[in-house]
Each structure stands twice: as structure tokens, then as C-alpha cells.
Amino acid sequence: MRDDILLRVEKPARYIGNEVNMVKKNPADVDIRFAFCFPDVYEVGMSHVGLQILYYFFNRRDDMYCERAFAPWHDMEDIMREENIPLFSLETETPLNKFDFVGFTLQYEMSYTNVINMIDLAGIPIWSKDRGENDPIIIAGGPCAYNPEPLADIVDIFYIGEGEVSYDELMDLYKEHKKNGGTRKEFLAKALKVAGIYVPCFYDVTYKENGEIESFTPNHKDAPQKVRKVIVDDLDSVFYPEKQLVPLIETVHDRVTMEVFRGCIRGCRFCQAGYVYRPVRERSPENLLNRADNLVKYSGHEEISLTSLSTGDYRGFKQLAEGLIDKFSKENINISLPSLRIDAFSLDLMKKVQEVRKSSLTFAPEAGTQRLRDVINKGITEEEILRGCSLAFEGGWDRVKLYFMVGLPTETEEDLKGIAKLSSAIVDKYYEIPKEKRNRAVSVVVSSSCFVPKPFTPFQWSPQATFKEFMAKQKLVKTSMERKQVKFNYHEVQLSSMEGVLARGDRKVAKAIVRAWEKGAKFDGWNDFFKYDLWVEAFEETGLDMAFYANRQREYDEILPWDFISIGVSKKFFINEMEKALKEQITLNCRTECAMCGAKSFGGGVCYEVQN
432 MRDDILLRVE KPARYIGNEV NMVKKNPADV DIRFAFCFPD VYEVGMSHVG LQILYYFFNR
492 RDDMYCERAF APWHDMEDIM REENIPLFSL ETETPLNKFD FVGFTLQYEM SYTNVINMID
552 LAGIPIWSKD RGENDPIIIA GGPCAYNPEP LADIVDIFYI GEGEVSYDEL MDLYKEHKKN
612 GGTRKEFLAK ALKVAGIYVP CFYDVTYKEN GEIESFTPNH KDAPQKVRKV IVDDLDSVFY
672 PEKQLVPLIE TVHDRVTMEV FRGCIRGCRF CQAGYVYRPV RERSPENLLN RADNLVKYSG
732 HEEISLTSLS TGDYRGFKQL AEGLIDKFSK ENINISLPSL RIDAFSLDLM KKVQEVRKSS
792 LTFAPEAGTQ RLRDVINKGI TEEEILRGCS LAFEGGWDRV KLYFMVGLPT ETEEDLKGIA
852 KLSSAIVDKY YEIPKEKRNR AVSVVVSSSC FVPKPFTPFQ WSPQATFKEF MAKQKLVKTS
912 MERKQVKFNY HEVQLSSMEG VLARGDRKVA KAIVRAWEKG AKFDGWNDFF KYDLWVEAFE
972 ETGLDMAFYA NRQREYDEIL PWDFISIGVS KKFFINEMEK ALKEQITLNC RTECAMCGAK
1032 SFGGGVCYEV QN
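Following the working numbering, the numbering of the sequence shown begins with 432 at its first residue and continues without gaps.
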């Protein structure tokens, strides 16, 4: 990249590569070139553990070079469009339209316009049907790929599941195809035989007059009726990088990240990740402790973060955390423990962690009353919440963050006011500690997000609250707050409303997404740049009803856009869980009792551990 351009943009290090541990290969020596694209800025994408894993997973192959690209910030994009500079990779500054594959990770729905913008900026046709033999294959995976339909006419191939399982087979297939010659369409047809692969052009969709799906059928003999996700059986034996890319500028998470386990035993009824990543599979503490040395050594980071959906449920948690503290506390390296449940917290461990460096503690009660926590199957009582906070305060903490959700199914005014009552009770717990043991005034920060019904959850049939309803709910919570020690923040309501539309969108929604992009929508996940009015206009201009996707109750027998995907968890189970939610009945966690959700069909993980 020319120096004169870099001098004209904010944070030029976003575009130059050459970070510590960057992989360098000669493109002429490889058979496959893969551009890993994160549809957000460099600082966000470089904090994503999935990028770190797949970058080194692909590059371990001698015949493949995986390079990276991120969404350029507005200033850089303006220059690139003015000077006809196509979007390029960081490693070699190669235009993305020269790659074999351009792959996107879909972490959140509001990144869809950035996906389209990056494809266009690379000089690649936006619509899959318009691409020719010299255009790259556009492939996408990640959590949003579990409802791929809003991008089905744009993305050529969706990868459903965990990347370490089928990518080698897919790349081997492509290498052979490229060597022998063949058309783009022929390769897409061959890809149908790879587990976890969905190729949208080989499926036809018809619709009823009311807009619901009438049929979803394969139009190729090798296209499966159900696309089954693929998962890693044994996390200890699967590839995991010995090093991480170290950014040259500050990113969202500047730290070593270690993935502790995949899946979740809890079954919160609003949480898509808790179901699509089932069953729980753990890495051994010994495995992680061994990896930590190299990850710290080759990065220079001063913090280690343990990631999972619920780290406190990790069976080797105590051994791992104490082992890390013993290894690194003398080097002043902080151990970050996110995703902890209050009922799983150890006072002894808290004290050890604070000896290095203390930060605020984050807990997620999700709902303000026990009734609503039972509806969502949070599996935690108010007594446990207060006891956990007491332990934290006794351990020397005086700052607590609490996460709640508004707009949950069956929610009442009492549930909303309960958020303020619970926050107040937590403040009271702090003042039960003798005055001489308090360092300063307690700070309780309450954040509330808006409930978004997601595919593959028991609430996938539930209506989302409207924009006006959300605003009224947030106002009620705010006016119910009485303690000066409690600060209340709430998530951007219009953004959540739009997310609700896209999360359950069908194939028709693609034209509205593209229209919104044409009108200027991008970086929609950023509050400062999200323009709700553009989206409203885009849906109106394309003849689609936002309320149809977000705000209506669906029937159990309706064909949902993602019904052709199998995550192992059965639809029958989700219906049963929805009915239990309406009866305010809980389902025990997977280690206490198997609920026969269907994930046992994968043949491993917690489904078998609970019986042995």
C-alpha cells in the first residue's frame, strides 16, 4: 500500500500486515489461495479466536496460503473507490478477486451489508448467479450460517459446523478439480458430497400467498434433504495453534485466548449458541496448561483469557485456573475469567486472581424475577445470585456488571421492575460488609439488551417485541431504578429490531439487504453508523414486510427457512421446551440429567459422560 495513502487514513496499521507471527509463503508455490475475510474492522476481527484457529489451520498445509482481509474503514474505502483499488489481502496485497476462495465468518447478522460491501469492493459480482469462471468461490461459515437463507443468493457455499472437520476434504476436492479442469458449477456439485456443506443454488424454494415457505426441495441428485452440521469429536487431539497473530495496534481484546470447551450444558431457551454447539466437549487442563506457555511466549501478551459459553461449568476449571495462576502470576500476567456463573464461583479463586490485577465482575441473571428465569431456563435462583455477589464483595470486589434481557416471552411489568429490585438487593449485600472492610462505594452497572428470537432455540417461533414496545420496557426499567449506586444502560433498540428481522429471514430478504447497502448501509453493528431509516426504506422498496419476519407468532408446523439444517437437536425437543417455558418449568442441565435433545447422535461429549 502506498505511503501517501496510508498517511491519509486513520490507523494505517489496519492495512499493512507484517504482524508478529504472520505466515509468509510464496503464492507461486501453493495450489490454493484462500482469503479469510472478517466483515468488520481490523481491531474487531483480530480479536476473534476463530480467525486465529482457522488461519493457522489452513496455513499448516503446504499447498495452501490463507491470507486475511477486513472491512476497510470509511476513509480508506473512499480512497480505494476513488483510485479503483480493489480490496486486497494483508499478507501479499493481492486483490481478493485473484483468490480461489473468499471466505467470510458470519458472527452477527448486522455484518451482512459489510459482506456485500467487501465483495463489491473486491470487484466480484454480488449475486452468485452473476459470477463467472474466473471469479472466486464465496464461502461462509460461523454462527449465522445456521440460517444461511438471507445470503443464499449471494454466497456460493455455506459451511455448517466446526471448520477443522471438513475443510481439508473440501480443499483436497478443489485442488483435484482445479488440476483436472472443470467448471465452477461442476465443483459446486462435487462439494455437495462433503459433510456439512450447503450449496444454495441446488435447492429451490416456493412460497405461499401469505409469505410462508411452501416447499424447500433439492434440485440436484447429490443435494441432501438435510444438511447435518459437523463437529470435532476430541478437542485434545484436534489442531490448535501454538501461536497467535499479534496485532501492531490495540484491538478489542489484546490478550492470549484459550478455548476451554465447546458447547454448553445449560440450555437457556433464548441462546442459539448453547444449542448449535452441542454437545459439550472439553479440552483437558493438562492440554491447555501446556499450550499456555507457547501462546504467552510467542505473543508477549500480559493477559490470558479462558473462553467458552460458560467457563464456570468446565470440570477442570479449578485445576486450570490455579495452574495458570501458579505459572504466570510472578510474571504479572492477568488471568481473565469471562462467562462465569455466579453459582459456580470460588471465593478462593477470586482472591488468587485479584492478587495479580483486579477488574469488575460480570454476571448475567438475564431476568429480574424467578418466574421469568424459569421461563428462559436460566437455572439460577435469586438466593444464588445474592450469595455469589456476597462472595465477590467479601473477596474485595466493589464493581459488578449485570446483564439482563428485556422483551422475553411471557414478560410482565413485574419482571421488568424486578431488574431494579434485584440490583438494589445486590447493593444491600455490599453494605452488609463491615465498613472498615469496604474500599469504596459499590458500583453496579446494569445493562439490558433486547430479546432477539433466534433459529434453533425453543423461542424460534416467538414474536419479537416491536420498537415501541421495547422503548416502553426500557423506560419502565429505568424509572424503577432507585439506588444511586446503580447505573442503567440499554442496548440500541432499533438495532435489535433489525437484527430480529434478519435472524429469521428467508431467501427473499437478500434483495432488501442489497438494497439497504445500495442506499448506504454498512457497519450496521456500530450504533454510530446504523441507519434504521435506510433499512425501513429498503424493505418497503423491495415489497417485504419487516414485521412478518420479526413480530409475528409462528406455528409449529410452519416450514422455517433453516429447517433443512440438522444440528442434532430435534425440532420435537424445541417444541417441548417451548411448552415447558409457557408452563414455567425448567429443564435440568446436561450433566444432571439427559433431556434427550438429540445431540447424543454425535456419539460423544457430555451425552455419554453423564451416563458413565
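For glycine and all other residues, C-beta sits at the position ideal for the given N, C-alpha and C. Quantities reported herein were computed from a predicted structural model and do not represent experimental measurements.
Rounded straight-line distance, which links the Cα of residue j to that of residue i
{"i": "residue 799", "j": "residue 514", "result": "54 angstroms"}
{"i": "residue 453", "j": "residue 676", "result": "6 angstroms"}
{"i": "residue 446", "j": "residue 592", "result": "30 angstroms"}
{"i": "residue 481", "j": "residue 1013", "result": "36 angstroms"}
{"i": "residue 598", "j": "residue 891", "result": "29 angstroms"}
{"i": "residue 776", "j": "residue 743", "result": "Per-residue confidence for residue 776 stands at a pLDDT of 49, beneath the threshold of 50, marking its modelled position as unreliable; the derived number appears in the next sentence. Whole-angstrom Cα-Cα distance: 7 angstroms."}
{"i": "residue 928", "j": "residue 1033", "result": "35 angstroms"}
{"i": "residue 1026", "j": "residue 1038", "result": "9 angstroms"}
{"i": "residue 444", "j": "residue 987", "result": "50 angstroms"}
{"i": "residue 868", "j": "residue 834", "result": "27 angstroms"}
{"i": "residue 946", "j": "residue 736", "result": "40 angstroms"}
{"i": "residue 787", "j": "residue 551", "result": "Its pLDDT being 48, under 50, residue 787 is placed unreliably in this model, and the value from its coordinates should be taken loosely. Going by the C-alpha atoms only, they are around 47 angstroms apart."}
{"i": "residue 860", "j": "residue 717", "result": "38 angstroms"}
{"i": "residue 1035", "j": "residue 962", "result": "45 angstroms"}
{"i": "residue 557", "j": "residue 645", "result": "27 angstroms"}
{"i": "residue 731", "j": "residue 823", "result": "30 angstroms"}
{"i": "residue 903", "j": "residue 741", "result": "31 angstroms"}
{"i": "residue 702", "j": "residue 574", "result": "12 angstroms"}
Among the options, nearest to residue i - alpha-carbon criterion
{"i": "residue 1056", "options": "923, 895, 827", "result": "Because the chain spans 432 through 1043 in this model, residue 1056 falls outside it and cannot be assessed."}
{"i": "residue 880", "options": "914, 925, 583", "result": "925"}
{"i": "residue 886", "options": "949, 920, 911, 991", "result": "991"}
{"i": "residue 830", "options": "550, 836, 838, 820", "result": "820"}
{"i": "residue 505", "options": "969, 463, 439", "result": "439"}
{"i": "residue 570", "options": "531, 434, 539", "result": "531"}
{"i": "residue 508", "options": "1016, 1005, 951, 966", "result": "951"}
{"i": "residue 589", "options": "876, 699, 837, 534", "result": "534"}
{"i": "residue 932", "options": "980, 526, 583, 563", "result": "980"}
{"i": "residue 577", "options": "706, 1021, 595, 731", "result": "706"}
{"i": "residue 500", "options": "486, 906, 745, 956", "result": "486"}
{"i": "residue 957", "options": "669, 495, 703, 541", "result": "541"}
{"i": "residue 640", "options": "1036, 975, 1029", "result": "975"}
{"i": "residue 547", "options": "1015, 949, 978", "result": "949"}
{"i": "residue 632", "options": "964, 696, 654, 684", "result": "654"}
{"i": "residue 538", "options": "862, 901, 579", "result": "579"}
{"i": "residue 811", "options": "1020, 642, 727", "result": "1020"}
{"i": "residue 586", "options": "864, 659, 562, 683", "result": "562"}
Extent of the continuous beta strand (DSSP E) run through residue i
{"i": "residue 570", "result": "568-572"}
{"i": "residue 534", "result": "532-536"}
{"i": "residue 499", "result": "495-501"}
{"i": "residue 795", "result": "792-797"}
{"i": "residue 645", "result": "644-649"}
{"i": "residue 767", "result": "765-767"}
{"i": "residue 834", "result": "830-837"}
{"i": "residue 544", "result": "Careful: residue 544 lies outside any beta strand (DSSP E), inside the alpha helix (DSSP H) at 543-552."}
{"i": "residue 695", "result": "Unbroken run through residue 695: none, as it is neither H nor E."}
{"i": "residue 626", "result": "Where residue 626 is concerned, there is no enclosing beta strand (DSSP E), given that its DSSP letter is neither H nor E."}
Residue j beta carbon less than 8 angstroms from that of residue i
{"i": "residue 808", "j": "residue 1018", "result": "yes"}
{"i": "residue 804", "j": "residue 797", "result": "yes"}
{"i": "residue 602", "j": "residue 463", "result": "yes"}
{"i": "residue 689", "j": "residue 722", "result": "yes"}
{"i": "residue 733", "j": "residue 764", "result": "yes"}
{"i": "residue 883", "j": "residue 841", "result": "no"}
{"i": "residue 657", "j": "residue 995", "result": "yes"}
{"i": "residue 448", "j": "residue 518", "result": "no"}
{"i": "residue 595", "j": "residue 663", "result": "yes"}
{"i": "residue 461", "j": "residue 435", "result": "no"}
{"i": "residue 484", "j": "residue 729", "result": "no"}
{"i": "residue 853", "j": "residue 828", "result": "no"}
For residue i, three-class secondary structure by DSSP
{"i": "residue 873", "result": "coil"}
{"i": "residue 511", "result": "helix"}
{"i": "residue 487", "result": "helix"}
{"i": "residue 927", "result": "helix"}
{"i": "residue 758", "result": "helix"}
{"i": "residue 706", "result": "helix"}
{"i": "residue 716", "result": "helix"}
Continuous alpha helix (DSSP H) stretch holding residue i: start and end
{"i": "residue 822", "result": "813-825"}
{"i": "residue 920", "result": "Run containing residue 920: none in the alpha helix (DSSP H); it sits in the beta strand (DSSP E), 917-921."}
{"i": "residue 855", "result": "844-861"}
{"i": "residue 1038", "result": "1037-1040"}
{"i": "residue 588", "result": "Unbroken run through residue 588 is the beta strand (DSSP E), 588-590; no alpha helix (DSSP H)."}
{"i": "residue 910", "result": "898-911"}
Min CB distance residue i to chain B below 8 angstroms
{"i": "residue 649", "result": "In the displayed structure, chain B is absent; only one protein chain is listed."}
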